[in-house]
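A.B. asks: If you scroll down you'll find the structure; I have some questions about it.
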Amino acid sequence: MNSPHSSRSDTADGQPRTEMPRFPGLEVLAPYRVHEMMLVSSWYDSFILEEDGHISELLLEQYRQLDLWYAPRLTRAPTAASALEQLDTDRRFDMVVPTIRIGAMEPTEFAAKVKEWNDRMPVVMLGYESPELQRLIEQRRADPESHPIDRIMVWTGDARILLVLAKMIEDERNAHHDTQTTGVNVILFVEDSVRFASSYLPMLYTELMLHGQSLIADGVNLSQKVLRMRARPKILWCETYEEAIKTYDKYQDNVLGVVSDVRFPRRGRLDDKAGFHLARELKADRRDLPILLQSTDMTNIAQAVESEADFVHKLSPWLAHDVRRFMLENFGFGPFVFRLPDGSEVAQANDLRHMEDALTHVPAESLRYHGERNHFSTWLKARTMFRLARQLRPIVVSDFPSIEAMRRVLVRGLLDARREEEGGAVADFDPDTFDCASGFARIGGGSLGGKARGLAFTRKLLRYLDDENNVCGDTNVYVPPSIVIGTDFADRFIEENDLAKIAMAEPTDRALIQEFQNARLPSELIDALSSVLDIFDQPLAVRSSSLLEDSLEQPFAGIYGTYMLPNSDSSRKKRLADLCAAIKMVLATSYTKQARAYMKALPHDPDRDHMAVIIQQLVGRSHGTRFYPHLSGVARSYNYYPFGSITPEDGVAYVALGMGRTVVDGMDCLRFCPRYPRQLPQFSSVEDILDNCQKHFYALDMDHHGTTLQWFRGEDLTRHPIEDAGKDGTLSSVCSYYIPADNIIAEGASRGGHKVVTFAPILKHNLMPLAAIIKRLLELGSHGMSAPVEIEFAANLPSVQDDKPGEFACLQMRPLVVMSDVADFDELAKSPENHLCNSPHALGNGRVDGIRDVVCVLPELYDETKSMPTATAVGEMNEWLRREDRPFLLIGPGRWGSSDPWLGIPVHWGQISGAKVVIETCMPTRSVTPSEGSHFFQNLTAFKVGYIMVNPELKRGHIDWEWLKTQHIEREGINGLRWYRLDQPITTLIDGRSNRAIILKDGCTP
1224 MNSPHSSRSD TADGQPRTEM PRFPGLEVLA PYRVHEMMLV SSWYDSFILE
1274 EDGHISELLL EQYRQLDLWY APRLTRAPTA ASALEQLDTD RRFDMVVPTI
1324 RIGAMEPTEF AAKVKEWNDR MPVVMLGYES PELQRLIEQR RADPESHPID
1374 RIMVWTGDAR ILLVLAKMIE DERNAHHDTQ TTGVNVILFV EDSVRFASSY
1424 LPMLYTELML HGQSLIADGV NLSQKVLRMR ARPKILWCET YEEAIKTYDK
1474 YQDNVLGVVS DVRFPRRGRL DDKAGFHLAR ELKADRRDLP ILLQSTDMTN
1524 IAQAVESEAD FVHKLSPWLA HDVRRFMLEN FGFGPFVFRL PDGSEVAQAN
1574 DLRHMEDALT HVPAESLRYH GERNHFSTWL KARTMFRLAR QLRPIVVSDF
1624 PSIEAMRRVL VRGLLDARRE EEGGAVADFD PDTFDCASGF ARIGGGSLGG
1674 KARGLAFTRK LLRYLDDENN VCGDTNVYVP PSIVIGTDFA DRFIEENDLA
1724 KIAMAEPTDR ALIQEFQNAR LPSELIDALS SVLDIFDQPL AVRSSSLLED
1774 SLEQPFAGIY GTYMLPNSDS SRKKRLADLC AAIKMVLATS YTKQARAYMK
1824 ALPHDPDRDH MAVIIQQLVG RSHGTRFYPH LSGVARSYNY YPFGSITPED
1874 GVAYVALGMG RTVVDGMDCL RFCPRYPRQL PQFSSVEDIL DNCQKHFYAL
1924 DMDHHGTTLQ WFRGEDLTRH PIEDAGKDGT LSSVCSYYIP ADNIIAEGAS
1974 RGGHKVVTFA PILKHNLMPL AAIIKRLLEL GSHGMSAPVE IEFAANLPSV
2024 QDDKPGEFAC LQMRPLVVMS DVADFDELAK SPENHLCNSP HALGNGRVDG
2074 IRDVVCVLPE LYDETKSMPT ATAVGEMNEW LRREDRPFLL IGPGRWGSSD
2124 PWLGIPVHWG QISGAKVVIE TCMPTRSVTP SEGSHFFQNL TAFKVGYIMV
2174 NPELKRGHID WEWLKTQHIE REGINGLRWY RLDQPITTLI DGRSNRAIIL
2224 KDGCTP
């Protein structure tokens, strides 16, 4: 079904065909095209942008329907050095897109080298919001003409950004040519905020594409349809008033409309009224020119009306809807449509399944009509069905003995291609082909969201999990069967039920949830969910997967909801109702008080985050009415609180019997290093084991079908004493035995004793290679993401009785936020007079503000023989400060929390629980090993308390005691104990990468 109208197509070996186009004019549009894009990024950055295959489908669908001639090919280079090597080959690249993480070379230096190689090569920076990116934006804005980076865009979590990068550069390079040769229109987009433009332009381009799709059926023949899409308006982005005027003057007759901010630079400074000046200036020249002004200040609407411009609020939840309406009303914009030769419509197909169905019954005349015009091949290319499209392209209708024979080939080809595609990473959900053991599919369009992207990436990584050492043994390592509801359905649900308006009123969480529960999900989604229940007959987890969730810079961890369903009711109607209710609960959590507060703390526009929902088979086994896994937990590839000889890069894992809430909620669980699983600091003595071992576990009650109110309260799981696990037969596989008579912990049950959860059968005797699997997964994840990672997991131990192998399920993988840019420590080191304390030996990560109280024991006054009463006095001060809700800095000699009173002050954790930062300095008479590895240290880890060690004698840090002694003494105690209250808060900075710490005196800022 080879189209005679194509100006370019590819032969079987990938070489361009040479025949000339039949319709002159099409081939001259867009002479500059991005055929080859180089993305310079880490593996994980690249994966996010490609979304494991489906993003390519999403982008290419829009590309094909917008421009049928080509689709850009994406090549990834992991470092700047490798990118320069590839540029120096015979292969042609049309555009280079570096991210922040490109190896040792700085992005500006890399861009300059690219320009040295080819000064016409577009270099567009794509980065996460960070201080480094902001500095690049400011540098470029200061001198845009000479800066080597042509444009800078912010990665907002929206995968359409790649389309924007390519189209933005193409539009800038092609606008003059296309307007002069064919009269293509341009749209002026005026905005100085890179962050806002990065989230807005994908929406604007998408609207153009959607409107372009709506025009396909309006064409009389193929050439007109292609021309309408090829001749789409160009979007030209201007950042200043002067640039906008200059651009308008250049394309005056071809300017279709203007979309502009109100506040942007004019005459060299930020002008709050620049948009109104621009509107009046342009309206004076063209009265009918459509102009849309947008602002975060609603008071600007009156002046917009005076300027004869439309107005939208930039933070409105209906922003996309309002812009769409403006374009429909002012820009003149208006699925495979099966037609007869006379143009009458006989059927429509929105996706591959509908296409298969339609092909079985549409009239033969319609098949001939479309087959002769290559419509099938073109439509398939838009949906990334490239192989089938290539198979169909050289075939003409006359090759078939009959139209019915052609029909059979089309249906069979679509069925085979769809099934092959769905065998990939992220297929469209089909109950007939979904793999119940490890399938991963999607329902609906839009994004998968951050959490689902992480799962898709993990499935890809699992191919490389086992190595020559067979780390997994017989354990099945997998991602649980998952079905993702794309963001499009969530957006429809919000829009069709007018829920954004309700959420904007900021009702109570309970009232908000009730409104969401009263709303109705789209009927197509409900039908799909009914099919989901045909596949999943085990308990389910319904989890959030927002667009921004689990991003590298702002992971949104724990902000949105996850809800567990027994999925066991005898009534199918009730099971479906429960599933729908849980989905609505997840969607509601994106508007709760906590989520709104989090979004306000991060400068995100409300319209930027969209929610996908994951329906995932719950990992575990049934034990009577309880359902839970043998163990679950969290592991991180970077440990801010290493102990002994263990390094931060060795990682850390937290594991508990039962559901993962035990770990996530910070209850008693086992902490261990995957590289050294037998070194257990919290189990250093029998007393420590008895104190720190797990006492309770969580399970899903299979007989309990929770209400939405119970979900809201977190009551979807039930808490049980650990002895209940013994009744279920799950405790013996993870326990040791306490023998009271001998006060020992024994590994075997031969001597009786009380069961205590130690995971010794696993970590010591390798019942399951848990530590090895976690270690390998963390290595793969860190390598793939070029950043530390965190995984959530659940596991079922092998069962000899039931002949079941062990199972390790990776429930989530996300980047671990490492605040390596807490501060410029090298710069701060130049001003030691501002330091209350500095040290090269600190544990933790981040910044602690707001401390105005210092509790310390002056070393020169400290008497080791009085350490016990000193601990009591410290506890009293801690209690006073806690009552006033005043976190404090604690400084003292030797080990805090030492069980040996001669090695430090023997406080227990409750006596210093209000401290946010703890400093240990040297003893007056002896050298003492720091607290690392102790039970006290375990509490530091659990409560994320900053821990700093100072030993001036070894030149390992300094405390400015003289300055501290000049501060106001709030209270004095025995043995050199002082409580100082400062006029201004001090700032503690800890770099988890370098283990450096600086505490700035009050009034000093980093």
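For what it's worth, the working numbering labels the leading residue of the sequence shown as 1224, then goes sequentially. Virtual Cβ for every residue (Gly too), placed ideally from N, Cα, C.
1) Could you compute how far the alpha carbon of residue 2008 sits from the alpha carbon of residue 1400?
2) What's the C-alpha gap between residue 1438 and residue 1560?
3) Thinking C-alpha only, which one of 2013, 2145, 1416 and 1905 is nearest residue 2180?
4) Distance check for residue 1423 and residue 1184, CA to CA, integer angstroms please.
5) In angstroms, rounded to a whole number, what distance separates the CA positions of residue 1428 and residue 2213?
6) Quick check: residue 1812 and residue 1856, are their CB atoms within less than 8 Å of each other?
7) For residue 1866, which of helix, strand or coil comes out of DSSP?
8) Shorter than 7 Å, the distance from the beta carbon of residue 1614 to the closest heavy atom of the ligand ADP, or not?
9) Give the single residue among 1330, 1337 and 1740 whose Cα lies nearest to the Cα of residue 1308.
10) Since residue 2196 contacts residue 2091 with CB under 8 Å, what's their CB separation in whole angstroms?
11) With a 10 Å radius around its C-beta and 16 neighbouring C-beta atoms as the bar for buried, classify residue 2097 as buried or exposed.
12) Using CA coordinates, which residue listed in 1854, 1742, 1896 and 1853 is at the minimum distance from residue 1866?
13) Residue 1627 by DSSP, collapsed to three states: which one?
14) How is the alpha helix (DSSP H) around residue 1723 delimited, first residue to last?
15) Less than 8 Å separating the beta-carbons of residue 1517 and residue 1535?
16) When DSSP labels each residue in this structure, what does residue 1390 get in the three-state scheme?
17) Determine contact between the segment 2108 to 2118 and the segment 2075 to 2095, defined as no fewer than three beta-carbon pairs at a distance below 8 Å.
18) Ignoring anything shorter than 4 residues or poking outside the segment 1980 to 2008, list the alpha helix (DSSP H) runs there in chain order.
19) Return the first residue and the last residue of the beta strand (DSSP E) that residue 2061 is part of.
20) Would DSSP call residue 1596 helix, strand or coil?
21) Over the uninterrupted beta strand (DSSP E) stretch that includes residue 1924, give me the two end residues.
22) Taking the beta strand (DSSP E) that residue 1745 falls in, what are its first and last residues?
23) CA-CA distance, residue 2211 and residue 2133?
24) Give me, in chain order, the residues of the same chain whose beta-carbon lies closer than 6 Å to that of residue 1807; leave out the 5 immediate sequence neighbours on both sides.
25) Taking all protein chains shown into account, do 16 or more other C-beta atoms lie within 10 angstroms of the C-beta of residue 1944, making it buried, or fewer, making it exposed?
26) Would you be able to state if there are at least three C-beta pairs under 8 Å between the segment 2185 to 2193 and the segment 2165 to 2177?
27) According to the neighbour-count rule (16 or more other Cβ atoms, all chains shown, within 10 Å of its Cβ), is residue 2175 buried or exposed?
28) Does the segment 2215 to 2228 come within contact of the segment 2052 to 2059, defined as at least 3 CB pairs closer than 8 Å?
29) Can you list, in chain order, the residues of its chain whose CB lies under 8 Å from that of residue 1711, leaving out five sequence neighbours each side?
30) At the level of alpha carbons, what is the spacing between residue 1789 and residue 1924?
31) How big is the Cα-Cα spacing for residue 1913 and residue 1976?
32) Would you mind sorting residue 2182 into buried or exposed? The rule is 16 or more other CB atoms within 10 Å of its CB.
33) Does the separation of the CB atoms of residue 1398 and residue 1457 fall below 8 Å?
34) Name the one or two DSSP bridge partners that residue 1856 has.
35) Exposed or buried, what is residue 2199 when buried is set at 16 or more other beta-carbons lying within 10 Å of its beta-carbon?
36) By Cβ distance below 6 Å, which residues in the same chain neighbour residue 1900 in space, the five residues on each side in sequence not counted?
C.D. replies: Considering the structure as presented:
1) 41 Å
2) In this prediction, residue 1438 has a pLDDT of 47, which is less than 50 and means its spatial position is unreliable; nothing more can be read from the coordinates.
3) 2145
4) The chain is shown from 1224 up to 2229; residue 1184 falls before or after that span and cannot be answered.
5) 43 Å
6) Not closer than 8 Å, so no.
7) coil
8) Of the ligands one can find in the structure shown there are none, so the ligand ADP has no counterpart to examine.
9) 1337
10) Between residue 2091 and residue 2196 the Cβ distance is about 13 Å, and since that is not below 8 Å, they are no contact.
11) buried
12) 1896
13) Secondary structure at residue 1627: helix, using DSSP grouped into helix, strand and coil.
14) 1722 to 1727
15) yes
16) Note: residue 1390 maps to helix in three-state DSSP.
17) yes
18) Correct list: 1983 to 1986 and 1993 to 2008.
19) 2058 to 2062
20) Of the three classes helix, strand and coil, the one that applies to residue 1596 here is coil, per DSSP.
21) 1919 to 1924
22) Segment: none, residue 1745 is in no beta strand (DSSP E) and carries neither H nor E.
23) 23 Å
24) 1739 and 1740
25) Residue 1944 counts as exposed, since fewer than 16 other beta carbons sit within 10 angstroms of its beta carbon.
26) These segments do not touch.
27) exposed
28) yes
29) So the list reads 1667, 1668 and 1669, once near-sequence residues are dropped.
30) 7 Å
31) 13 Å
32) buried
33) yes
34) 1878 and 2016
35) buried
36) Answer for residue 1900: 1986 and 1994, listed in chain order.
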